[in-house]
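Numbered by mature numbering (1 follows the signal peptide of the UniProt record, and there is no 0), the letters in the sequence shown go through residues -20 to -1, 1 to 932 in order.
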Amino acid sequence: MDSFLLWALLLPMQVGITLSQNGFQPPVPQGVHVKPDFASQVLSVTWEKDSSSPTLSYDIQVLHTELMEIVYHDTVDVKLDSSGKVYHWNWTSPLPLECTSHSVRIRSRQQSLTSDWSPLETIPGMDIPVETAAKMYPQDKVVAVGSNITVCCIVKEGNFSRTKFLYRKASLNGTQLSRRSYALTLTNQPPSISSGTNVICLENNDLVGTVVFVGYPPGDKDLVCETRDLVSVECQWSKGQDTHLLGTRKTYYTLNGRDCPLSNEELSHGESLYCNSVCGKLACQLKATMVKGESTWTLEARNPLGMVQLTDTADLSRRVWPYAPVELTAMEIHSRYARLHWQWKTEGYKTLDLECQVQVNNSGHTHTFESTGQGQSEAELSDLQPYETYSVRVRCRLQTETWNWGDWSSVYGFQTKEESPDALDIWVWMDSNQTGYVKWKPLSKSQSRGKILGYEVTHGNPEDGNSVKLLQNNYSLPLTFGDSDEHVVMVTAWNSAGVSPVASITFPRFFAGEMPTYKVSGIDRGFNLSWAAGANASCGYVVEWCPTGKWDCDVQWEKVPAGNTSARIESKVFEAGVRYNISVYACTSGALELLERSQGYVEELAPSQPVPGIKAQQSISDIVLSWDEIPMESQRGFISGYTVYINNNSLLIPIVNITDPDIRNYTMRHPSPGSYKFTVKAHTSGGEDVGVTVDFKLNPSTDMLVAEILVALGAMTGILFIITILCYKKRQWVKKTFYPDIPEPKVPEEWSTPPKMLAVEPCSPNTVHIVVKPEVCQTVVPEDEEGGDGTEEAPADTDSSDAVHLQYYNQVVDHCSQGSRSTDSSASSSTSMASTRTEVTYTGIQSSASSSGGSIQPEAPLAAGYRPQMAPAPIEIQAEPADVPLLGEFSGYQPQSTWKADSPESASLNSSLGSPTSVSSSQFLLPDPASEEGADRAPSTTWFHNLLSGKP
């Protein structure tokens, strides 16, 4: 096996070597001929066979002649044609053959040996010099969607500048093929519009172009053939997707090789002249004979991009699609029954077993009746409504085959006869104990069963003749009742066919606000109601509703069957924001019984007007707002409360939300005086009203001022009362603290005589002895001897005959400056108050008129000696500085240092009689106020402690 393969490989080499050694040269192909097909861009090449040569291969080259550019080169093995003498080979050019000249040459090949090339066979293009005009190729080319196409532009002779292509608003550059020819390849082409896509070549100011049509090959499908007139066949198929090709490039159809004229005739918008009830289907009709057995039909659809074939096989006798019945009419019409009849245009249908369908339409409701039979041409309609208008139409199909229904006939209308009306739905509306209205609902078209001509209302017994007839447009009648307990009313309606059954009702007792009401909320534009079962309810219940506050309202009602204690009421007359009174009555064997009443809104809205009558008033220091209730018709919902706002720079700030709708006032407690602006809004579950605003200025309250004054006075009175009680209980302590006893001289009786001129005569001086006797320790400053050097003489009174010489012995006694002192045995004065007592002995001024003496014993917690009324001359006192305490520590009498010697008046002399006098002055010694303050200062530091401790 291996040796065989090796031999097979070496044999050709050996043959070639042998041929070459023998001088064999493959012959040059002869009779080369090239034929162009410009439409398909194909070059057909033929050449003759050399009979002396063995089987050869051929090298073929295709060149663009002007530039000698090789565009194709290949070695091919070709076969002889049917004659056995000529070789044939085809080549498809990627660009139109007109774009430039093409040349073909061939050479023979025997393995590695080749012949010389045959002479060039040239197909001249349109770019040769003799064709001087500008051109563009291809013209009106049709290509499939997604393919590539090459176009070329041949410019005028002598124009050699760069050429531009314009395609879909884009400027593109081409490839130069020759001196005048340029090519452009367009890739992945989308579907074009019906008029094609323009490609323009622009060179300087010269413009030339072409149109490219891009579309799809035919896509038709679903071929179905049937018969309608029983003498021809009609085939239908679906068109498929749009090919985007029109005119000469459209799709042509043939059925069994025969043209389909209706499908091939095209309208301006691209649709076929034939289009059945479901557009998008095409049809083709051919004459045929109704024979038993199957037949085959073939449809061919073709356009420049391709072709499709569809086939259908069927027995036409089982594929009958009937035409629509004609001359449809009603043979008989009754109140609830009618009989229809129709005709067939095709005589052959009378022998077919048909199933027909009658469609009946009444006020938008559709019903279907069916009838069958040979050549069926009539149908009966039952269960119709009296005095109703109906429209009917008919279609049929083969009874034995479930093939397509035929076409619908034209619509035919008729009206059924009348019947007696149904019983009326009546109700009563009481507006007082003896007056009311009887009302009834208009009968619907199905209930009236004809045209209502009028109504008859009978009040009381029919034999009494108390009846009233009304025209058809009246639906209520006012009635007046006597004193009987029950009032029966009967109402009937009539039309041309008869009178309705009697509808009767017994008037209920009048209730004028005696029954309590409760609130009910609407849901989805209606009310869901429920109630307790009535003990006497024998024939159901009646729900009545009417807008609140209207005695002449259009009352509505609805009857509920017995055994049901709930209902949902809906009405077209229900309006949002309107309050309705809803009453539930029990239907009994006698008069109706009212079970309950309620009020509600189907939808609550915000009040349509703000609260009326708003007022602001001042109550002492409060602001009181009040307003009135919103009228019922403006509430538009149940008032759930009020919100009070205060306006602050156009900003509403809520200050209180009143949730009780019965409270229509608000008090703002103790606001500051000033201007206020309040807004009050009522609210329901539907929202707040727009609000009403009131301005108010709060002034300071005079009543409050008076009250504050009275309160202050009362508080002060109470405090004073408490102080008075305390002072009364502590009166001894208060007296000693604030009003101590002040020693005062005892005035002789002679001094009580009326004032008179006092004649001062010389008298002998008097002496004043002050003796301080301390209980613990006593210190006495010795007196100066009379006539001593330490005295200071007072000037003598020039008015007296004798000189007056007064001496004052100032004794200062400290409390305990030294441990022991020697007591003067000649001292005659002693102290008697507390631990120290100061005894003052003085001698009054001696005169011829009178003389007296006395002593004053003041009491004080601390004792001290008398001090001169004027600053005395310095007196040397033999005492150590430590033995002399500060004067501020003593109390008692002190000199009147503010008194002047030259200012005594005679008028004030009597008041000073008996007072101690200075040695060097004739003036009396009086208590010094400053000294008094100093004397009182020490005990005042402990009075509050004594008050709290309860000491006197």
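Built from N, CA and C at the ideal position, the CB exists for glycine as well.
What span of residues does the beta strand (DSSP E) with residue i cover, start to end?
i, result
"W537", "536 to 540"
"N153", "150 to 153"
"M287", "286 to 294"
"E280", "275 to 283"
"Q615", "No beta strand (DSSP E) contains Q615, which is instead part of the alpha helix (DSSP H) from 612 to 615."
"N637", "631 to 638"
"L572", "It is not in any beta strand (DSSP E) - L572 carries neither H nor E in the DSSP assignment."
"residue 972", "Since the first residue of the chain shown is -20 and the last is 932, residue 972 is not available in this structure."
Going by C-alpha distance, which of the options is nearest residue i?
i, options, result
"V482", "T438, N508, I503", "T438"
"G26", "P641, K65, C215", "The residue you asked about is not Gly; residue 26 is Thr in the sequence shown. Cα-wise, what sits closest to T26 is K65."
"R316", "C132, E368, R238, E436", "E368"
"Q452", "G430, H467, V469, N446", "G430"
"L433", "T326, S518, S630, K449", "K449"
"N184", "C205, F145, C215", "F145"
"S456", "Y435, A596, D200, E399", "Y435"
"Q356", "P723, L334, L235", "L334"
"E101", "A547, S83, T664", "S83"
"V582", "A596, E576, G617", "G617"
"A150", "C133, G126, C181", "C181"
"W383", "V418, S400, W301, W409", "W301"
"Q598", "R649, A513, V204", "R649"
Who are the Cβ neighbours of residue i in its own chain at under 7 Å, not counting the five residues just before and after it?
i, result
"H345", "none"
"E137", "P109, T112, R160"
"I549", "G506, F507, L509, V523, W525, E538"
"S551", "Q536"
"Y313", "Correcting the residue identity first, residue 313 is Ile in this sequence and not Tyr. If we look at I313 and ignore the five residues flanking it on each side, its Cβ neighbours are F394, T396, K397."
"R282", "P198, T231, Y232"
"F349", "V338, V340, A359, L361"
"V670", "P590"
"P6", "S33, L36, S88, R89, Q90, L93, T94, S95"
Excluding the 5 residues flanking residue i on each side, which residues of the same chain have their C-beta closer than 6 Å to its C-beta?
i, result
"G393", "S371"
"H467", "F461, F487"
"G529", "M612"
"W324", "none"
How is residue i classed by DSSP in three states: helix, strand or coil?
i, result
"T331", "helix"
"L457", "strand"
"S257", "Reliability fails at S257, whose pLDDT of 42 lies under 50, so the model's placement of it is uncertain and the value that follows must be treated cautiously. Of the three classes helix, strand and coil, the one that applies to S257 here is coil, per DSSP."
"G666", "coil"
"I689", "helix"
"A318", "strand"
"M380", "In the sequence as presented, Met is not what sits at residue 380; that position holds Thr. Reduced to three states, the DSSP call for T380 is coil."
"F701", "helix"
"R229", "helix"
"A556", "coil"
"S501", "strand"
"P16", "strand"
"D367", "One point to set straight first is that residue 367 is Tyr, not Asp, in the sequence displayed. Reduced to three states, the DSSP call for Y367 is coil."
Could you name the residues of the same chain whose beta carbon sits closer than 8 Å to that of residue i, not counting the 5 residues immediately before and after it, in chain order?
i, result
"D295", "K272, G273, E274, S275"
"W388", "A304, Q339, R373, V374, R375"
"F18", "P76, L77, E78"
"Q119", "T190, V191"
"K29", "L60, G64, K65, V66, Y67"
Which residues mark the beginning and the end of the alpha helix (DSSP H) in which residue i is found?
i, result
"T717", "711 to 718"
"Q427", "425 to 428"
"P527", "Per DSSP, P527 belongs to no alpha helix (DSSP H); it is in the beta strand (DSSP E), 521 to 527."
"S243", "241 to 244"
If you check the beta carbons only, do residue i and residue j fall under 9 Å apart?
i, j, result
"T167", "N178", "no"
"T568", "C519", "yes"
"G621", "S606", "no"
"P590", "Q615", "no"
"V288", "Y196", "no"
"V194", "C133", "no"
"D39", "T80", "no"
"P99", "V12", "yes"
"S480", "D402", "yes"
"E573", "N516", "yes"
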